[in-house]
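Each protein sequence line maps, in turn, to chains Y and H.
The letter at position 246 of the first sequence is residue 904 when you use our numbering, and the numbering goes up by one with no holes.
The letter at position 446 of the second sequence is residue 1212 when you use our numbering, and the numbering goes up by one with no holes.
A virtual CB, placed ideally from N, CA and C, is assigned to each residue, including glycine.
Small disclaimer: the values here were computed from a predicted structure and weren't measured.
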Amino acid sequence: MPGSVQSIERAAAVLRLLAAAPNGLGVADLGNALGLAKPTVHGILKTLHQVGFVEQDHTGAHYRLSDAFGRLGETYLDPNELRSRAINWADSLASRSGEVVRVGRLVEGKVVVVHHVFRPDDSDQDLDVGTTLPPHACALGKAVLAFDASGAARPGRLDAYTTRTIVDPARLAEELMAVRAKGWAGEFEEHTVELAGIAAPIRGLGGLVVGAVGLTGRIERICDSRLRHRSDLITMVRATAEAIGRDLREER
Amino acid sequence: MAEQYVAAVDQGTNSTRCILFDRRGRLVSVAQREHRQLFPRPGWVEHDAAEIWRNVTRVVPAAIRQIAAEPSQIVAIGITNQRETSLLWDRRTGQPVGHAVVWQDTRTDRLITELAGDEGPDRFADLCGLPLTTYFSAPRLRWMLDHTPGLRARAERGEVLFGTMESWLIWNFTGGPQGGLHVTDVTNASRTMLMNIETLEWDDRLLAAFDVPRSVLPEIRPSSGVFATATEVLPGVRIGAALGDQQAALFGQTCFSPGEAKCTYGTGSFLLLHTGKEIVRSTHGMLTTVAYQIGSEPAAYALEGSMAVTGSLVQWFRDGLGLIHTAAEIETLARTVEDNGGAYIVPAFSGLFAPHWRSEARGVIAGLTGYITKGHLARAVLEATGFQTLEVVNAMNADSGIALTALKVDGGMTANNLLMQFLADLLDVPVVRPMVTETVSLGAAYAAGLAVGYWPDLEGLRSNWHRAGQWLPNMDPDRRATEYANWQAAVQRTFGWIRPDQARSDQ
């Protein structure tokens, strides 16, 4: 049986002490209370700060629990923050693939479009940031649903958009298992006839899936002659999701 | 053959970045490091130039490592930089003399008043295209020479060198004390107030007026053209371009023809209109500046509307007031309310830039009532950038006689959809974002790639430009007029805040 993880025990102890000290505590206070060396405490605080559990006061000398710590069940990444981290990589994906690119996240059973990049052919297109998509019927949605552990975000009813939309919950569960195994999600006329898509999950700190990035286009451009999603596009989409995730995980 | 890339080094106000671009002008990797902002006194802003060069030596290899490329795959380096930030360094040791004095610094305000004398702030505008303000380099250089003991004598003996950040970077890329090349480009030189805007050479009348010895000044070169081959960081790679960040963005947006304009939204925001080979003199508070010069071709000029505080107002909202955790959260907070609730923030932190050029102005929050929440203030912060853009566009239209029909935008704030929609509503024209938001770096890369033949010509670059997003106007004209009138009333209230008797002495 694996033993307990010491650093998590220590982090939990730091959180308990901070929760009991409304005015916050300094590194030395925590070190003295726990019998730990200052660099150790500092490392724990830095990580807790990075994941958003603790905040520094304006002098930078005291740490306290963040507001967000009390609301752990809510989404931790601001959608506008997700867009600003994704924008360069989403542009690059649109320009390499020649297709429409969207970044989406799951909110109350719907995929909300957080960012939208036009297909780079200078044709007339409308920005659809803020609009919603049915998660079971699009690649973006399946890429996030597959990693949603709560089940709370699952759509209640599986509406049909085309004859190919997955409306059977058991089939959707199978499909999501396949997405987890492959690491990406495909869409084939499930939302709009003649359109296909590819999306991959974006992982923030600790591997949490915070949304997905994907492209959509006409079947003949997204799929090969045997109607399989093109492997070069899959590679591009996954690399884009990875680059956005890296950006999110990096400390700025 | 392994793919080749151009490396753009963007030495900005807050950070230094290296971005690699491929032949289609697509961004392939980014590495970035922030540097410290030093505020030794109210109104003073400084950077440690040694820290900045150290950051360059780190971000360039990091960007190459990110895509597992070899330095030999880099065909050229393009440099772009925060403009007007001024530095002196020791030719022999390579050590900076004090800190670099940043473009936002207002320590020269009294000197400016003295220099303007009876003739007023436009006394040098015929020669250099610029009004006397704390914004440009020459007053700063004069201040440094006056306030550092023994420095003027050392300068006259040729022991110290002056430069803006591109000069400092190129000198260090080419060996520093061991044979470093001391050069600048026409765009950066056009921001000093020391270069003659017509001849593109240092002007003796300006040097005399600012009491600056010619021996400290770098040689002026075209923006695009091989400056030298690097011996440090990327040994053997040619430095193909240097240009000020805003001019680089104009180039990156492929605004190569007269009448084309772009606005870059960053710490400050800058609208530049290409005016071709013609030098247009503004009567509405715009600056005349060099857009770029490619090799031995004639220089292209631009009119510029400069807004000092736009993105930095969001930073202040985050760091100074602590109302948000990240800059992007301002949009979330602003969307918690329907409108500004009657509040307007005029961010005259270091006076007002274009089109007012009032250095004695200081910021106000106008229209405060008990109704106002932090959500309304967040709106007012974003709208301040919109209103300032409208003022500049109106002035630009008046100067050029042609009304703007669409605005090409770029820079970090274009990720803010609320602001982009507000801009379209206020300007009543479509606002268009290109596929590469990092146009500053892209422009430096384009200019460098042209110089070494990586790209054949400007037309080829134009075909790389694509629309990535567009916001269409949708605001009632009456509301637009009322909002703008309110803003203008708020602006009036910033004027005359710093009175001559309370201006700090420039000791």
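Taking a Cβ distance cut-off of 8 angstroms, strictly less, list which residues of the region 835-855 of chain Y are near chain H, in chain order. Taking 8 angstroms as the Cβ-Cβ cut-off against chain H, none of the residues of the region 835-855 of chain Y qualify.
Just grab the DSSP bridge partners of E667 (chain Y) for me. Beta-bridge pairing links E667 (chain Y) to no other residue.
Can you tell which of H:S1062, H:G791 and H:Q770 has its C-alpha closest to the C-alpha of I830 (chain H)? H:Q770
Within 10 Å of its beta-carbon, does P988 (chain H) have 16 or more other beta-carbons around it, so buried, or fewer, so exposed? When all chains shown are included, P988 (chain H) counts as buried.
Going by beta carbon distance, what residues of the same chain come within less than 6 angstroms of L816 (chain Y), once the five residues before and after it are set aside? Sequence-distant partners of L816 (chain Y) (beyond 5 residues in either direction) whose C-beta falls short of 6 angstroms from its own C-beta, in its chain, are H794 and V825.
Using a C-beta cutoff of 8 angstroms, does D890 (chain Y) count as contacting chain H? no
State buried or exposed for G886 (chain H), treating a residue as buried only when at least 16 other CB atoms are found within 10 Å of its CB. exposed
Are the C-beta of L793 (chain H) and some C-beta of chain Y separated by less than 8 angstroms? It does; some Cβ of chain Y falls within 8 angstroms.
For E836 (chain H), count neighbouring Cβ atoms within 10 angstroms of its own Cβ and tell me buried if that reaches 16, exposed if not. Burial call: exposed.
Are T1049 (chain H) and P1024 (chain H) touching if we call contact CB-CB under 8 angstroms? no
Could you give the distance in angstroms between the alpha-carbon of D905 (chain Y) and the alpha-carbon of V775 (chain H)? Rounded to the nearest angstrom, the two C-alpha atoms are 19 angstroms apart.
Can you give me the C-alpha to C-alpha distance between W1231 (chain H) and Q1019 (chain H), rounded to a whole angstrom? Taking the straight line joining both Cα atoms gives about 7 angstroms.
Under 8 angstroms by Cβ, that's how I've got L1038 (chain H) and A1065 (chain H) pegged, so tell me the actual separation to the nearest angstrom. Actually they are not in contact, since the Cβ atoms of L1038 (chain H) and A1065 (chain H) sit about 14 angstroms apart, beyond 8 angstroms.
Which of the residues in the region 776-802 of chain Y, read from start to end, lie with their CB under 7 angstroms from any CB of chain H? F776, P778, D780, L785 and V787
Alpha carbon to alpha carbon, how far is V811 (chain H) from R1128 (chain H)? Give it in angstroms, no decimals. Taking the straight line joining both Cα atoms gives about 17 angstroms.
Less than 8 angstroms between the beta carbons of S753 (chain Y) and R792 (chain H), yes or no? yes
For P859 (chain Y), three-class secondary structure by DSSP: strand
Output needed for G682 (chain Y): all residues of its chain with C-beta closer than 8 angstroms, excluding positions within five of it in sequence on either side, in chain order. L676, D715, H720, Y721 and R722
State the DSSP-derived secondary structure class of C796 (chain Y), mapped to helix, strand or coil. coil
Whole-angstrom C-beta distance between A1132 (chain H) and R1259 (chain H), which should lie under 8 angstroms: 6 angstroms
Does the region 1059-1074 of chain H touch the region 988-1001 of chain H, meaning 3 or more C-beta pairs lie closer than 8 angstroms? yes
Name, going along the chain, the residues of the region 1188-1207 of chain H whose beta-carbon falls closer than 7 angstroms to a beta-carbon of chain Y. M1201, V1202, T1203 and E1204
Range of the contiguous alpha helix (DSSP H) that encloses S883 (chain Y): It is not in any alpha helix (DSSP H) - S883 (chain Y) carries neither H nor E in the DSSP assignment.
Measure from the C-beta of R1233 (chain H) to each C-beta in chain Y and report whether the shortest distance is under 8 angstroms. yes
Using a Cβ-Cβ cutoff of less than 8 angstroms, which residues in the same chain neighbour Q1236 (chain H) once the five nearest sequence positions on both sides are dropped? P1196, V1197, V1198 and R1199
Using C-beta distances below 8 angstroms, list every residue in its chain close to Y1137 (chain H), excluding the 5 sequence neighbours before and after it, in chain order. G1107 and G1108
At which residues does the beta strand (DSSP E) containing L1053 (chain H) begin and terminate? L1053 to Y1058
Out of H:L966, H:E1095 and H:S1035, state which residue places its alpha-carbon closest to the alpha-carbon of I1045 (chain H). The candidate whose alpha carbon is nearest that of I1045 (chain H) is H:L966.
Quick one: does R861 (chain Y) have its CB under 8 angstroms from some CB of chain H? no
Excluding sequence positions up to five away, which residues of its chain have a Cβ less than 7 angstroms from the Cβ of A1211 (chain H)? V772, A774, F787 and G844
My output table needs one value for I1111 (chain H): the three-state DSSP class, helix, strand or coil. Strand, per DSSP.
Please report the straight-line C-alpha distance between I1090 (chain H) and E1104 (chain H), rounded to a whole angstrom. 19 angstroms
Rounding to the nearest angstrom, what Cα-Cα distance links R1228 (chain H) and I892 (chain Y) in this structure? 29 angstroms
Ignoring anything shorter than 4 residues, give me the alpha helix (DSSP H) runs that lie fully in the region 827-856 of chain Y, in order along the chain. 827-840
Anything in chain Y within Cβ reach of G1088 (chain H), meaning under 9 angstroms, just list it in chain order. H716
Taking contact to mean at least 3 C-beta pairs separated by less than 8 angstroms, is the region 899-917 of chain H in contact with the region 870-879 of chain H? yes
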